[in-house]
Amino acid sequence: MHQRKAEMAKHSDAFMALPGGCGTLEELLEVIAWAQLGIHDKPVGLLNVDGYYNSLLSFIDKAVEEGFISPSARQIIVSAPTAKKLVKKLEV
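Counting the sequence shown from 1 gives a position; our numbering is that position plus 235.
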């Protein structure tokens with residue numbers, strides 16, 4: 236599993252998470268951790284349909300305030316309510 240994710244990460248320009256469960260959260264948090272460790276600086280997009288990721292984004296912002304997540308790792312995370320808007324943000 237780790238090797239598969241590492242290969243996908245190596246060949247990607249960005250990461251995108253749709254609303255999902257534990258597996259989605261595990262993969263999402265792993266790529267955010269990789270950014271914090273300096274393994275990549277690729278954007279991470281959240282398809283925030285109906286505010287699905289609002290609580291997670293608030294949690295991450297609190298972790299930044301408390302010093303557990305670096306501001307640079309937080310800055311790579313973008314969100315949008317539609318796929319079209321998210322892709323546009325990731326292209327910048």
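Glycine residues also receive a C-beta, built at the ideal position from the N, C-alpha and C atoms.
A quick note: this is a predicted structure, and the numbers were derived from the prediction, not measured.
Could you check if residue i is buried or exposed, using at least 16 other CB atoms within 10 Å of its CB as the buried criterion?
{"i": "SER314", "result": "buried"}
{"i": "ILE274", "result": "exposed"}
{"i": "GLY286", "result": "exposed"}
{"i": "GLY255", "result": "exposed"}
Quick one, which of the options has its alpha-carbon nearest residue i's?
{"i": "GLU242", "options": "GLU261, CYS257 and VAL266", "result": "VAL266"}
{"i": "LYS319", "options": "ASN289, SER305, GLY256 and ASN283", "result": "ASN283"}
{"i": "VAL322", "options": "HIS246, GLN238, ALA252 and LYS240", "result": "ALA252"}
Let me check one thing: in DSSP terms, what residues is residue i bridge-paired to?
{"i": "VAL327", "result": "VAL327 pairs with nothing; no bridge assigned."}
Please list the terminal residues of the continuous alpha helix (DSSP H) segment that includes residue i.
{"i": "ALA308", "result": "306–310"}
{"i": "ALA268", "result": "257–271"}
{"i": "ALA244", "result": "237–246"}
Which residue marks the beginning of the beta strand (DSSP E) containing residue i, and which one marks its end?
{"i": "LEU291", "result": "That residue, LEU291, is in no beta strand (DSSP E); its alpha helix (DSSP H) goes 289–300."}
{"i": "GLY280", "result": "279–282"}
{"i": "PHE250", "result": "250–252"}
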